[in-house]
């Protein structure tokens with residue numbers, strides 16, 4: 001069918017559709033129709049896609065978000081993350097995808113505390129410390145730092161295979177008056193994303209591996225600054241340059257160091273202002 005048909009579908013929206021809904025749905029219709037025409041989509045192929053989407057919903061629950069996994073494999077979450085968090089000042093710490101395993105309200109620990117409630121024999125502990133500042137170096141007191149990671153078997157606390165307390169390897173910390181923080185965690189481990197569902201089928205179709213590089217998740221917030229969601233990646237992990245979900249950025253690759261028989265990470269974080277993020281978005285329009 002011609003563009004005339006596509007225009008008719010877009011024009012079928014009623015007068016109560018908001019301008020934003022009209023703009024975004026019209027764009028979606030245009031791209032979907034163009035995709036079907038470009039690939040000469042057959043009924044059999046369309047039904048495969050419908051069933052694939054249905055299976056994404058059926059596979060998802062409060063412990064697993066298959067939709068996010070599929071978007072991650074396609075690079076969509078990383079693209080949206082970059083569009084959302086671009087600012088006028090490139091010196092702030094880069095963002096990265098939230099991923100499907102974030103849980104709010106993790107336990108609050110004092111600086112120097114440990115997020116390791118239950119450890120595996122293969123877990124390797126690591127002391128992480130640093131400072132949270134503005135892009136011009138101003139220390140930010142009272143910044144909230146939420147961190148979460150998997151165990152050395154590759155499982156997060158809400159996954160049934162984890163076999164640990166509900167908030168194991170998760171914690172919340174607040175910076176001191178000088179912007180400093182510190183906590184004990186695990187030296188991160190690479191792991192495969194769940195591939196027993198539609199996300200795994202997609203990886204197979206694309207001839208790709210399911211592995212994520214060794215990383216730790218962060219969510220850093222402060223009342224006067226834009227909330228940073230990011231991940232840090234081990235420079236020594238072989239998957240850091242070949243991430244299954246396309247989330248690695250050069251400035252969030254870090255070096256874990258061994259000294260005095262233990263592992264350490266020194267990591268400073270720089271936050272952008274909300275105004276800087278807002279101006280960057282407006283300049284893109």
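Numbering (UniProt numbering), first residue to last: 1 to 285. Glycine included, every Cβ here is placed at the ideal spot set by N, Cα and C.
Among the residues of its own chain, which have a CB less than 6 Å from the CB of residue i, if the five just before and after it don't count?
i, result
"residue 155", "161, 162"
"residue 257", "264"
"residue 211", "190, 192, 239, 244"
"residue 274", "226"
"residue 127", "184, 264"
"residue 72", "245"
"residue 11", "none"
"residue 237", "190, 213, 214"
For residue i and residue j, what's the separation of their Cα atoms in angstroms?
i, j, result
"residue 280", "residue 251", "20 Å"
"residue 178", "residue 282", "33 Å"
"residue 180", "residue 136", "16 Å"
"residue 32", "residue 99", "26 Å"
"residue 130", "residue 270", "11 Å"
"residue 68", "residue 196", "15 Å"
"residue 167", "residue 205", "35 Å"
"residue 267", "residue 187", "14 Å"
"residue 261", "residue 44", "60 Å"
"residue 278", "residue 132", "21 Å"
"residue 103", "residue 15", "39 Å"
"residue 159", "residue 63", "7 Å"
"residue 38", "residue 208", "25 Å"
"residue 61", "residue 194", "13 Å"
"residue 149", "residue 142", "23 Å"
"residue 115", "residue 26", "46 Å"
"residue 216", "residue 97", "12 Å"
"residue 19", "residue 4", "22 Å"
"residue 17", "residue 24", "11 Å"
"residue 157", "residue 164", "7 Å"
"residue 21", "residue 255", "45 Å"
"residue 42", "residue 83", "33 Å"
"residue 218", "residue 203", "26 Å"
"residue 220", "residue 242", "26 Å"
"residue 48", "residue 40", "14 Å"
"residue 34", "residue 173", "48 Å"
With a threshold of 7 Å on Cβ separation, who are the neighbours of residue i within its own chain once the five nearest residues in sequence on each side are excluded?
i, result
"residue 95", "81, 85, 228, 229, 230"
"residue 198", "52, 55, 56, 59, 66, 70"
"residue 240", "213, 233, 234, 248, 253"
"residue 77", "68, 71, 97"
"residue 9", "29"
Whose CA, out of the options, lies closest to the CA of residue i?
i, options, result
"residue 109", "175, 138, 71", "175"
"residue 140", "6, 98, 222, 54", "222"
"residue 79", "34, 266, 246, 203", "246"
"residue 6", "29, 25, 20", "29"
"residue 122", "152, 102, 128", "152"
"residue 92", "216, 165, 138, 73", "138"
"residue 36", "2, 219, 124, 64", "2"
"residue 101", "147, 259, 75", "147"
"residue 169", "97, 117, 276", "117"
"residue 259", "125, 237, 219", "125"
"residue 145", "9, 50, 107", "107"
"residue 105", "218, 201, 171", "171"
"residue 74", "120, 201, 47, 157", "201"
Where does the unbroken alpha helix (DSSP H) through residue i begin, and where does it stop?
i, result
"residue 6", "3–11"
Hey, does residue i have any beta-carbon neighbour from chain B nearer than 7 Å?
i, result
"residue 274", "Given the protein chain composition of this structure (a single chain), no chain B is represented."
Which residues in the same chain as residue i place their Cβ atom closer than 8 Å to its Cβ, once the five residues preceding and following it in sequence are excluded?
i, result
"residue 112", "182, 183, 184"
"residue 134", "140, 225, 270, 271, 273"
"residue 120", "151, 152, 153"
Span of the beta strand (DSSP E) holding residue i?
i, result
"residue 134", "125–134"
"residue 109", "From DSSP, residue 109 is part of no beta strand (DSSP E); its letter is neither H nor E."
"residue 269", "269–271"
"residue 171", "170–174"
"residue 190", "That residue, residue 190, is in no beta strand (DSSP E); it is neither H nor E in DSSP."
"residue 257", "257–259"
"residue 264", "262–266"
Considering only residues of the region 194–249, which uninterrupted beta strand (DSSP E) runs meet the minimum length of 3 residues and lie entirely inside it, listed in chain order? 215–222, 225–234
Minimum length 4: unbroken alpha helix (DSSP H) runs contained in the UniProt domain "Catechol dioxygenase N-terminal" (19–90): 19–38, 43–59, 66–73, 76–85
Just to confirm the assignment: which complete alpha helix (DSSP H) runs, minimum length 4, are found wholly within the region 138–164? none
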